[in-house]
Amino acid sequence: MHAPDSPDSLPVLVVGAGVAGLTAALDLAALGIPVVLVEREGCLGGQAVRLDKLYPSDHCGFCPVWTDAAACLAHPLITLHRHTSLEGLAEEDGRIMAQLAASPPAVDLDACVFCGLCLDACEARGVPGTIKMRLEGMLSAPDTPPVPYLNPVLCSRCGECAGACPTGAIDPLRLDRPPQEVRLPVADVIFATGFTENDTTMVPEYLPDSHPDIFSALDFEAWTSEAGPNAGRIARRSNGKTPRSIGFIQCVGSRDQRFQPYCSSVCCMHALKQARWAKRRLPAASVAIFFTDLRAIGKGYEAYARAAAKEGVLLVRSRPGLVFCLPEEGGGSTPAVHYEDTGSGELITAEFDIVVLNGGLTACPMPGRSGSSTQTGSACGFCEEPADVSRSVVQGSRAAALVAMRLASRTGGGL
Amino acid sequence: MIQGQGNIMHNAVRDKVRLMLAGREVVGVLGLCGEKKGVVPHVFTTAEDTARLVLEPKWPLAKTGWIIARAFPEGEALGMVCRGCDVRAVEELVKAGQIRPGALKTIGVSCSAAQAEVCLCESPSVPGEEPVAGIDPMSMPAVRSLCLEPDRLDRWREHFSRCIKCYGCRNSCPICVCPACKLEDDAYVTTGTLPPDPLTFHLIRAMHLADRCVGCGACQESCPSGLPLLPLHLAVRNALRQREVSLNGAGSLSLMTAPGAEAGTLWEDTLGGRSNGRRRA
Amino acid sequence: MSGTPLIFICTCYETLSRTIPRGVLRTGIVARRPNAHIEFVPSLCRREDIDLIAGLIKERKHASVLLAACSPFARGNVVLDGLARRNPAMQASLVDVREGCAWVHGGNPDAAAAKAVDLVCMGLAGLRCREHSSEFHFQPVRRVLVVGAGPAGLAAAGTLARLGIEVSLAERMSRPGGLLNQIGRLFPYNMPGREFLATFLSEASHPCVDLLPKTSVTRIEGDPGRFEAHLSLEGRDMTVTAGAVILACGAMPVLPQNRFHSGELSGVISQLELETRLNKLEREESAPAGIAGAVFIQCVDAREDARPYCSTICCPTALKNALRLKNLNRDISVTVLHRGIMTPGRDLEELYRQTMASGVRFVAFSPASPPEVHGDGFVSSVSLTDALSARRLEIAADLVVLSTPLKPRPETASLAGDLGLRLDEIGFACGTEPMQPLVAPTPGVYLCGAVRWPVSAQEAVDQGRAAAIKAAGFLAQGALDLNRLFLPGSRRGPASIRTEACSRCGRCVSGCPYGACRREKNGPVTVCGIRCRGCGLCVAVCPSGAVRIPEQDSASVRAMLREIAPRPTALREVHR
Amino acid sequence: MTEPASDILSPNGCPEIRAVVFACRWCALVGADRAGKERMDLPASFRVIPVECAAGVEPDLVLRAFAEGLDGVAVMGCHLGGCRHNEANRSARLRLMLLQDLLEIIGLDRRRLLLSWGTAHEGYQFAGLMREFTAILTGLPPVDSRLLGPC
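Spelled out as structure tokens, the structure:
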């Protein structure tokens, strides 16, 4: 086993607590290797817990993930730093020194008992709505219940809340404090920083953000999720009406020489999933996916796509040239998609009450990943190569394996 | 049943029994023995003895057979002249590992259509014999009035209130062979109350038998208060069959096998509308 | 040692008392439990609080403690786990009177108070009939059996060896490498297959790894931590005892049986055949003779009703080989007939772009009107309808390459059966989707590579490493971490069967989702503690009440129900 | 209509309803917890008993619950296909549906046994079920041993 006070008992740094990071951390800890897990956000689970459903199992997004999140929180060998990001890595006398920036929020999640006393204190004194009980992250995993959120703009820094808080969890002054630099010697690093959705405004022809009914894929997920604002109901953002038709446009800003040449590889299935759920919840609505190549190649994915087609999801091989707005009878406007029906070759303009733009996902940076001479640490998950949940967790375990092997070779012999 | 046929069948069975005994296949053959006052179950061991073998009336023997033969060492077997339900019961007992396969050798005798009517039996004939038309229990007024009529609750209340908790139904049941029984466990059935609380005493039994009941009616026959237990068990068995068919399209009666055909089935609940999709104020 | 449990009620800094006044709660409880020991505390979840109550319990000599506090998901678990760490032997249980009561019935304080009393009494009832299952240890054998020495199996073995774990690596064929032996170059970087294989062969040639060629696994018995695998080495039977098993027996290529006149027209070959030819040509550095036009047909025997899945690797393979053809002879016109090019991600998409740049032509067809291959003795041309332009095309070809998918190996089913793995409708093995795709429901059983789903060589080795570290983690733990599996905070042992009450009817055996209940031939039914995860299905189906989960016994549930049961009230009197 | 609607009202105008909820701790228990966190206002008629899996709920104990005089029993598990115990909840569903049928056969209202598969993992979903369930039970007379006992 891993000797606790040998020089190699330095912890392994895992950057990012998405599904890949969580898996890597747990796999290492299972071998008795201490782990420091840093997460930029307040809640664990990364993008996965923000998903309403997962394909192909149609499992809820957060449910499978929080088991691992809870295990990480409970594991004696895993130290978690929320609201902390990796700034860079330095080489100091043969050891890797990680520079972390911790910017603790006004409310300390680990100390808060959610009693709500701060709200009362604030309401008595401050501007109403300065403190709100709000879900940490879009979906609340049980390890992140609704916590008091201190609005930095409204807050007068009067400190009433801090006075009322029985556990000293809340402190408005933290709002103004600059991030604290932390330096931490680590044995090795695993990057699992995940991805961010590209700014769709890059793609002018699809009028992104110009119409409330044009969504990015993750916006749509949030808008329609069972834990979201509409509790699983699908409605138009413009007028709250039930949409008669929904169009999904694939490869928006990806597989596109102007922006992102590569394929994000998760969007086809993501769109299929959203389309199927839309169809389940609104059987009357017509749902279409405009794809370039329908890349459903994983385990059970093809079957999922076939089921979608059987359920009446319209699959159109086409890359629409234009999205624009048409006036609606009774005021307002509705987006319309202009595309070529590749089968017949004719140009079609179709109105869609909701248009979902699916595509460009960019890997998050990995500070210090490519060192001067060679690459440090191992990367896993989307930040290494576009990957969905089931691929990310495999990559996470793989990264853990590589690190464990490196440590073992250092100690000579097994762990 | 016409007398002539009866005699032919009777002789055929008697010959089978004699053959069994002669061939030393079995140590004895359990059957009904005619006496002056009536008939009693009896283990026939000699050819001449079988002269007293009678086939009527229908008398469920499976439990008796099990009690005699369960302790038999490897190689020993007991013959049994019995009806279709008993044959099924023996199969169930073997399936449930309660008796060594082959320890009970059955000589099946089909019931008459008239008998089937009495027993609410859907398969009165035994394999190998020419089929006798069974009846669908759910079509019989006896069952319908108890299990479908609006006022059935009152009927059941009246019936259950007559139970004297003698455990006759369980003790005579060829399926109820557990060494311990939930009906005697205070965690399930409150002990020391009469009549027993029907919700537990009778319904727990009904649940346990749902996928096993062979419809022999032994429980009902042995009930001193004449509770209509057979309709209850048949109705439950029927309900389970409906469920099985609707869930996995097969008639395989089992409370364990998970329906496979509907893999990936999604959210549902038993309150009329779907509960997800609408936030309530 | 006092039998009566000590009750701690956390008022959460008096916020609870706003809805449910202390007095009401106390009188309510005492009315039903006259000699209850009740302690009100402002908070339970800070470290000092836990220390405090742990001390109190010790000094007052209480065997068990009931915490009436917030929900397990809020802070409840923190307290329970904290107590368990300080005093493992203690019976502690938690009832949620905040989220579960005060916060949802704020509008009706009386009802809330009544419910809180019920909840506390339920907790007490549960504690009374609750049994403490003994600490559950097991000593796994520190050896892993890896079935199949393809890239996945080799990587798994190599990884485990470097982590100091003994490995038995069983390979059907005479030499390791699996399908990789037939592959000359690997997409996307066109790396020589031999080179790639060599790195993992050298990794796996390690004193810890015991490579068994020409060995097939006939049967696997036993339980996690001590599997007994029966192998046959060229007919000679042998047994390997391993703590964990990694299934890496791969998949096999479908051969195009007389599809597109393969077999009758010469020049119509399978992708694998082309692979071998290219390997030969590249070794001899000679150009392909007498080939002017080559046509690749994708999705042959795949993505159709008979075989409704995409085999993942055929597209990149075709692109790679198209490029190789081009590199051998620029003048060969190469056309790829496809139903969508499946090259997700960064590198594969790059490969796609390279291939297009090199002049390889891509034509999409729809399954409704598949291409037709023409020729007489020799293949001459391929005709099809371009799905994107609906135009008819006639392409001259003297080489037609059919891309066929991978299918599950026959032995997968039997091994999966032994190891409690489920198969998907195609016959590939399933892990625990979505978070643990390489982990079987049975602890200590893992899968990697094409046995789960067709994968590239690179992905196969990645999965091999992943499966390896999972197995290593499993062998590293001395006792199963029950807290992670069972009710929050309360450690729970496996189900147990009272033999004298068991009728051996086998309902639990056929019902158990983990194959933990089993009946030896006319012996008693037993529960395998390592497999059991305490779902309680066996308890629910047992007709004689012989099965029980020690920490949540039927008797205790019944006792809880008693506490909920409405007391006789005026209402009921009227009813009478 | 198998049971006469209850016309007996307690002083505060609504029948005293008691129900027990067997909540799978992977799904419905989370919903119950969230309902609390969001401080929703629910009828105080139900008591939650957390279970590891809906498959572990004994039909016999459900009957016991009715015999104890409870008006309703709810069993809530993961959605089918999402069970944490290798599809165990599918067979649980079959067993409990059969129990509903059994109640129906002897003339008790099947709605007294509420089954929910993956429909209670959000706070509002759990709340909605509890409100509807209570409303339904309010319309039914108390099941009491007395109700089925000697007349």
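If you read the sequences in order, they're chains A, B, C and D. Counting in my numbering, the first sequence tops out at residue 494, every number present. Counting in my numbering, the second sequence tops out at residue 302, every number present. Counting in my numbering, the third sequence tops out at residue 577, every number present. Counting in my numbering, the fourth sequence tops out at residue 174, every number present. In this text, a Cβ means the ideal position worked out from N, Cα and C, and glycines have one as well.
Quick check: the Cα distance between C:R559 and B:E205, rounded to an integer number of angstroms? The residue labelled residue 559 of chain C in the question sits at position 558 within the third sequence. The residue labelled residue 205 of chain B in the question sits at position 184 within the second sequence. Straight-line Cα distance between these residues: approximately 15 Å.
Kindly say whether D:M153, judged by its beta-carbon, lies nearer than 8 Å to any beta-carbon of chain B. If you number the fourth sequence from 1, residue 153 of chain D lands on position 130. It does not: the Cβ of D:M153 has no partner Cβ on chain B nearer than 8 Å.
Any idea if A:A478 is buried or exposed, counting beta-carbon neighbours within 10 angstroms, 16 or more meaning buried? The residue you call residue 478 of chain A lines up with position 399 of the first sequence. The residue in question, A:A478, is buried, as its Cβ has 16 or more Cβ neighbours within 10 Å.
Let me check one thing: in DSSP terms, what residues is A:A169 bridge-paired to? Residue mapping note: residue 169 of chain A aligns to position 90 of the first sequence, counting from 1. A:M176.
For D:F69, tell me which candidate among C:L120, C:S382 and C:D52 has the shortest Cα-Cα distance. Mapped onto the fourth sequence, residue 69 of chain D falls at position 46. When only C-alpha atoms are compared, the closest one is C:L120.
By the DSSP assignment, the beta strand (DSSP E) with A:P264 in it spans what residues? The residue given as residue 264 of chain A occupies position 185 in the first sequence. Per DSSP, A:P264 belongs to the beta strand (DSSP E) from Q259 to V265.
Around the Cβ of B:Q241, are there at least 16 other Cβ atoms within 10 angstroms (buried) or fewer (exposed)? One-based indexing of the second sequence puts residue 241 of chain B at position 220. Buried, by the Cβ-count rule.
Chain A contacts from the stretch 116-145 of chain D (Cβ-Cβ distance under 7 Å): H144 and E145
Indicate whether the contact test is met: 3 or more Cβ pairs, each with one atom in the stretch 155-175 of chain C and one in the stretch 212-222 of chain C, closer than 8 Å. yes
Residue range of the alpha helix (DSSP H) that includes C:S415: Your numbering for residue 415 of chain C matches position 414 in the third sequence. Where C:S415 is concerned, the enclosing alpha helix (DSSP H) stretches over E412 to L420.
Quickly, what does DSSP pair C:T386 with across the bridge? List them, please. Within the third sequence, numbered from 1, the residue matching residue 386 of chain C stands at position 385. C:T386 is bridged to C:R393.
Please go through the same chain and pick out, in chain order, the residues whose beta-carbon is closer than 8 Å to the beta-carbon of A:Q353, but skip the five residues on each side of it. Here residue 353 of chain A refers to the residue found at position 274 when the first sequence is read from its first residue. Hits under 8 Å: A296, F299, E300, T303, F327 and V435.
Which whole-angstrom value is the C-beta distance of C:S44 and A:V192, which I expect to be below 8 Å? Translated into positions along the third sequence, residue 44 of chain C becomes position 43. Translated into positions along the first sequence, residue 192 of chain A becomes position 113. About 7 Å separates the two Cβ atoms, so the contact holds.
So D:V43 contacts chain C; which residues on that side make the cut at Cβ distance below 9 Å? Translated into the one-based positions of the fourth sequence, residue 43 of chain D becomes position 20. Residues of chain C passing the Cβ test: M561, L562 and I565.
Between which two residues does the alpha helix (DSSP H) containing A:I328 stretch? Translated into the one-based positions of the first sequence, residue 328 of chain A becomes position 249. Where A:I328 is concerned, there is no enclosing alpha helix (DSSP H), although the beta strand (DSSP E) it sits in stretches over S324 to V331.
Sequence-distant residues of the same chain with beta carbon closer than 8 Å to B:A256, five excluded per side: Here the question's residue 256 of chain B lines up with position 235 in the second sequence. The residues are P158, M159, V164, L167 and C168.
Mapping the DSSP letters down to three states, classify A:K211 as helix, strand or coil. On the first sequence, position 132 is the one that residue 211 of chain A refers to. Here A:K211 sits in strand by DSSP.
With 8 Å as the threshold, decide whether the Cβ of A:Y418 is near any Cβ in chain G. The structure shown has no chain G; the protein chains it does contain are A, B, C and D.
Which residue spans inside the stretch 414-468 of chain A form an unbroken beta strand (DSSP E) run of at least 3? 425-430, 433-438 and 440-442
DSSP on B:G86, reduced to helix/strand/coil? If you number the second sequence from 1, residue 86 of chain B lands on position 65. Looking at B:G86 - three-state DSSP - the assignment turns out to be helix.
On the three-state DSSP scale, how would you describe B:H63? Within the second sequence, numbered from 1, the residue matching residue 63 of chain B stands at position 42. The answer is strand: DSSP assigns B:H63 an E or B state.
If C:G226 and C:V142 are in contact, beta carbons under 8 Å, what's the gap, nearest whole angstrom? As a position in the third sequence, residue 226 of chain C is number 225, starting the count at 1. As a position in the third sequence, residue 142 of chain C is number 141, starting the count at 1. That belief holds up - the Cβ atoms of C:G226 and C:V142 are roughly 7 Å apart, short of 8 Å.
Can you grab the Cα-Cα spacing for the pair C:L57 / C:T5, in whole Å? Position 56 of the third sequence, counted from the start, is the residue given in the question as residue 57 of chain C. Position 4 of the third sequence, counted from the start, is the residue given in the question as residue 5 of chain C. Cα-Cα distance, rounded: 14 Å.
Could you list the residues in the stretch 82-105 of chain D with a C-beta less than 7 Å from some C-beta on chain A, going in chain order? G104 and G105
For the structure I just gave you, are there three or more beta carbon pairs, one from the stretch 79-91 of chain D and one from the stretch 548-567 of chain C, closer than 8 Å? yes
Please report how far the alpha carbon of A:D432 lies from the alpha carbon of D:G79, in whole angstroms. If you number the first sequence from 1, residue 432 of chain A lands on position 353. If you number the fourth sequence from 1, residue 79 of chain D lands on position 56. Their backbone Cα atoms lie some 46 Å apart in a straight line.
Is it buried or exposed for C:S370, if we count other Cβ within 10 angstroms and need 16 for buried? The count along the third sequence starts at 1 and reaches residue 370 of chain C at position 369. Burial call: exposed.
Segments of 3+ residues assigned as beta strand (DSSP E) that fall wholly inside the stretch 251-315 of chain C: 252-254, 269-271 and 294-298
Hey, C:L476 and C:P254: beta-carbon distance below 8 Å or not? Taking the first residue of the third sequence as position 1, residue 476 of chain C is located at position 475. Taking the first residue of the third sequence as position 1, residue 254 of chain C is located at position 253. For C:L476 and C:P254, no; Cβs fall outside 8 Å.
Would a check of beta-carbon distances place D:A51 closer than 8 Å to chain C? What you label residue 51 of chain D is simply residue 28 of the fourth sequence in a count that begins at 1. No, no contact with chain C.
I need the straight-line Cα distance from A:A387 to D:G104, nearest angstrom please. Position 308 of the first sequence holds residue 387 of chain A. Position 81 of the fourth sequence holds residue 104 of chain D. Answer to the nearest angstrom: the Cα atoms are 18 Å apart.
Would you check if the distance between the CB atom of C:T1 and the CB atom of C:G432 is smaller than 8 Å? Shown here, chain C extends from 2 to 577; a query on residue 1 of chain C therefore has no answer.
Got a sec: which bits of the stretch 535-548 of chain C sit with their beta carbon under 7 Å from any beta carbon on chain D, in order along the chain? G535, C536, G537, L538, V540 and A541
Best match in B:C106, B:K79, B:A68 and B:L53 for proximity to B:R233 [C-alpha to C-alpha]: Walking along the second sequence from the start, residue 233 of chain B turns up at place 212. Checking every option, the nearest Cα to that of B:R233 belongs to B:C106.
What is the C-beta distance between C:R340 and C:Q299, in whole angstroms, given that I count them as a contact (C-beta under 8 Å)? Stepping through the third sequence from its first residue, residue 340 of chain C is reached at position 339. Stepping through the third sequence from its first residue, residue 299 of chain C is reached at position 298. That pair is a contact at about 6 Å.
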